[in-house]
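Novice: Dumping the structure here so I can ask a few things about it.
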Amino acid sequence: MSSKRVLVTGGLGFIGSHTVVALQQEGYEVVIIDNLSNSSLDVLGGITQITGKTPEFENLDLRDKAAVKDFFETYPDIEDVIHFAASKAVGESVINPLLYYENNISTLVYLLHELNKKASSRFIFSSSCTVYGQADELPITENAPVKKAESPYGNTKQIGEEILQDTCKTNGEFKAIALRYFNPIGAHPTAEIGELPIGTPQNLIPFITQTAIGKRDELSVFGNDYPTEDGTAIRDYIHVMDLAEAHVKALERLISGKEKTNYEVFNLGTGRGNSVLEVIRSFEKVSEQKLPYKIVGRREGDITAAYADTTKANEELGWKANRSLDEALKSAWKWQKVVKQKEEEEN
26 MSSKRVLVTG GLGFIGSHTV VALQQEGYEV VIIDNLSNSS LDVLGGITQI
76 TGKTPEFENL DLRDKAAVKD FFETYPDIED VIHFAASKAV GESVINPLLY
126 YENNISTLVY LLHELNKKAS SRFIFSSSCT VYGQADELPI TENAPVKKAE
176 SPYGNTKQIG EEILQDTCKT NGEFKAIALR YFNPIGAHPT AEIGELPIGT
226 PQNLIPFITQ TAIGKRDELS VFGNDYPTED GTAIRDYIHV MDLAEAHVKA
276 LERLISGKEK TNYEVFNLGT GRGNSVLEVI RSFEKVSEQK LPYKIVGRRE
326 GDITAAYADT TKANEELGWK ANRSLDEALK SAWKWQKVVK QKEEEEN
């Protein structure tokens, strides 16, 4: 248990909010920074409902360098940061690359400037398996080569990791872990918080649940001519609460000084891949809904298969993804029904 204060940027977003819950349940004091550009203040209420505690919240845009400086002057005791705040839609990044470079790179640099002033600090970075591209070997280990990014979004994650490595080289008292997520899905079992995409969902699971609830006519499955068993693309889908708990473990590793070097990388996945059609079948089973879908052409930039080798995270972080695909989809469906109910009440 710790009464240390932890800054969580993007703490009202999908993964951020679930990590705030996991941190508070382990006794951490949390301060959230979020500019509400892709999230809602309602999430704060959800976190409070689950944990019985409202985290401190600052509505702040991390692209404002002076505001970041002021924040650390107001909270001088904060030495631990979990950094989620970023734009994350691959397609949008191709259309608007400068937004992604500003929002994902400058914000990281401004945070690190402030942490560099401290005697010691710790940083958990929200990275992605997109850095591997189409890996040469499956499952993907942390030693797999980082491939040229397929999108500006993917590139910002690669550049972010490089910035952290360079910072770690010049400051031995600064410690960082980059967590390379595979495909986070699901929601907290209470359905107080979950994934709430603004506009058309970019990810498979919200598209499935919105189709099942009647918000979308049908699901488009992008390609059934991949060299996989059923022809659809394979991904490693990890329950968001398993992912959230990994962030707590990573932070504890740095606080207790168990890191092997002051910059480390871990893959976070289940170690198992599921095809799009397998996900649809699992959803139909847990929701008892028939899902209307059609096969369409492949989507640009999509790879055939990606799933993690989780040995390093299992052994060194002492963490393992415990929740099943069925469990994750069941929680996502429960959350979608709550969202629909809230929308009906508001209208």
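Whatever position you read off the sequence shown (first residue = 1), add 25 for my numbering.
Glycine residues also receive a C-beta, built at the ideal position from the N, C-alpha and C atoms.
#1: State the Cα-Cα distance for the pair Ser-27 and Asn-196, rounded to the nearest angstrom.
#2: Below 7 Å, is the gap between the Cβ of Lys-319 and the nearest heavy atom of the ligand MN?
#3: Going by the CB atoms, is the gap between Ser-176 and Val-115 shorter than 8 Å?
#4: Among all the DSSP beta bridges, which residues are the ones paired with Val-33?
#5: By alpha-carbon positions, which one of Ser-281, Lys-337, Gln-235 and Gly-179 ends up nearest to Lys-366?
#6: Could you check what DSSP says for Ser-152 in three-state terms: helix, strand or coil?
#7: Among the residues of its own chain, which have a CB less than 7 Å from the CB of Trp-344, if the five just before and after it don't count?
#8: Unbroken alpha helix (DSSP H) runs of length 4 or more, entirely within the segment 140-223: which are they?
#9: Do you know how far the Cα of Glu-51 is from the Cα of Ile-259?
#10: Using DSSP with H/G/I as helix, E/B as strand and the rest coil, what is Asn-84?
#11: Would DSSP call Ser-65 helix, strand or coil?
#12: Determine the direct distance from the alpha carbon of Asn-141 to that of Gln-320, and round the result to whole angstroms.
#13: Is Ile-320 helix, strand or coil by DSSP?
#14: Report yes if the C-beta distance between Gly-38 and Ile-218 is below 8 Å; otherwise report no.
#15: Quick one: Cα of Thr-76 to Cα of His-213, how far?
#16: What are the start and end residues of the alpha helix (DSSP H) that includes Ile-280?
#17: Below 6 Å CB to CB, which residues in the same chain sit around Val-364 once its five sequence neighbours on both sides are set aside?
Specialist: Judging by the given coordinates:
#1: Counting from 1 along the sequence shown, the entry for residue 27 is found at position 2. Counting from 1 along the sequence shown, the entry for residue 196 is found at position 171. The predicted model places Ser-27 with a pLDDT of 43, which falls under 50 and marks its position as unreliable, so this point remains unresolved.
#2: Here there are no bound small molecules, and the ligand MN is not part of this structure.
#3: For the purposes of this step, residue 115 is taken as residue 90 along the sequence shown, with counting starting at 1. For the purposes of this step, residue 176 is taken as residue 151 along the sequence shown, with counting starting at 1. Yes; because the gap between Cβ atoms is below 8 Å, this pair is in contact.
#4: Start at 1 with the first residue of the sequence shown, and residue 33 comes out as number 8. Ile-57 and Ile-107.
#5: The residue labelled residue 366 in the question sits at position 341 within the sequence shown. Before going on, a small fix: residue 366 reads as Gln here, not Lys. Nearest of Ser-281, Lys-337, Gln-235 and Gly-179 to Gln-366, Cα basis: Gln-235.
#6: Here residue 152 corresponds to residue number 127 of the sequence shown, with the count starting at 1. Of the three classes helix, strand and coil, the one that applies to Ser-152 here is strand, per DSSP.
#7: Walking along the sequence shown from the start, residue 344 turns up at place 319. Within the same chain, and ignoring the five residues on either side of Trp-344 in sequence, the residues whose Cβ sits closer than 7 Å to its Cβ are Glu-270, Ala-271, Lys-274 and Ala-338.
#8: 177-195
#9: Position 234 of the sequence shown, counted from the first residue, corresponds to residue 259. Position 26 of the sequence shown, counted from the first residue, corresponds to residue 51. Roughly 34 Å between the two C-alpha positions.
#10: Residue mapping note: residue 84 aligns to position 59 of the sequence shown, counting from 1. Looking at Asn-84 - three-state DSSP - the assignment turns out to be strand.
#11: By 1-based counting over the sequence shown, the position of residue 65 is 40. The answer is coil: DSSP assigns Ser-65 none of H, G, I, E or B.
#12: For the purposes of this step, residue 320 is identified with residue 295 of the sequence shown, where counting begins at 1. For the purposes of this step, residue 141 is identified with residue 116 of the sequence shown, where counting begins at 1. The question names Gln, but residue 320 in the sequence shown is Ile. Spanning the two alpha carbons is a distance of roughly 50 Å.
#13: Locating residue 320 in the sequence shown gives position 295, counting from the first residue. Strand at Ile-320.
#14: Taking the sequence shown and counting its residues from 1, the one referred to as residue 38 is at position 13. Taking the sequence shown and counting its residues from 1, the one referred to as residue 218 is at position 193. The Cβ atoms of Gly-38 and Ile-218 do not sit closer than 8 Å to each other.
#15: Here residue 76 refers to the residue found at position 51 when the sequence shown is read from its first residue. Here residue 213 refers to the residue found at position 188 when the sequence shown is read from its first residue. Each residue's Cα considered, the two are about 12 Å apart.
#16: Reading the sequence shown from its first residue, position 255 is the one you call residue 280. Per DSSP, Ile-280 belongs to the alpha helix (DSSP H) from 265-280.
#17: Taking the sequence shown and counting its residues from 1, one reaches residue 364 at position 339. Closer than 6 Å at the Cβ level, and outside the excluded window around Val-364, lies no residue.
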